[in-house]
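Residue numbers (my numbering): 2 to 79.
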């Protein structure tokens, strides 16, 4: 039961969050390059790049913790 909840709800949600973080990173990259002559535009692009990387790190860290809990405590994965 719990395994189906993880497969059908949690994994798609995590994939969605990863997609959003990648989009934020790529948008920051586009802003940084497109507004290279504008200091404010570069700064905005840098902030989006930074927060995209931070978001990815947090999401991937949470996924790692969930996998550890699933394999040790719940025994869902061999």
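Backbone N, C-alpha and C define an ideal beta-carbon position, used for all residues, glycine too.
Could you check whether the stretch 18-34 touches the stretch 50-64, counting it as contact only if at least three pairs of C-beta atoms, one from each stretch, sit closer than 8 Å? yes
Quick check: what's the CA-CA separation for residue 67 versus residue 11? Position 66 of the chain shown, counted from the start, is the residue given in the question as residue 67. Position 10 of the chain shown, counted from the start, is the residue given in the question as residue 11. Their Cα atoms are separated by approximately 10 Å.
Grab the span of the alpha helix (DSSP H) containing residue 11 for me, first residue to last. Along the chain shown, read from residue 1 onward, the residue named residue 11 stands at position 10. First-last for residue 11: undefined, no H or E at that position.
Under the rule that 16 or more other beta-carbon atoms within 10 Å means buried, what is residue 32, buried or exposed? For the purposes of this step, residue 32 is taken as the residue at position 31 of the chain shown. Counting Cβ neighbours within 10 Å, residue 32 comes out buried, since at least 16 surround it.
By DSSP, does residue 37 sit in helix, in strand, or in coil? Here residue 37 corresponds to residue number 36 of the chain shown, with the count starting at 1. Residue 37: coil per DSSP, three-state reduction.
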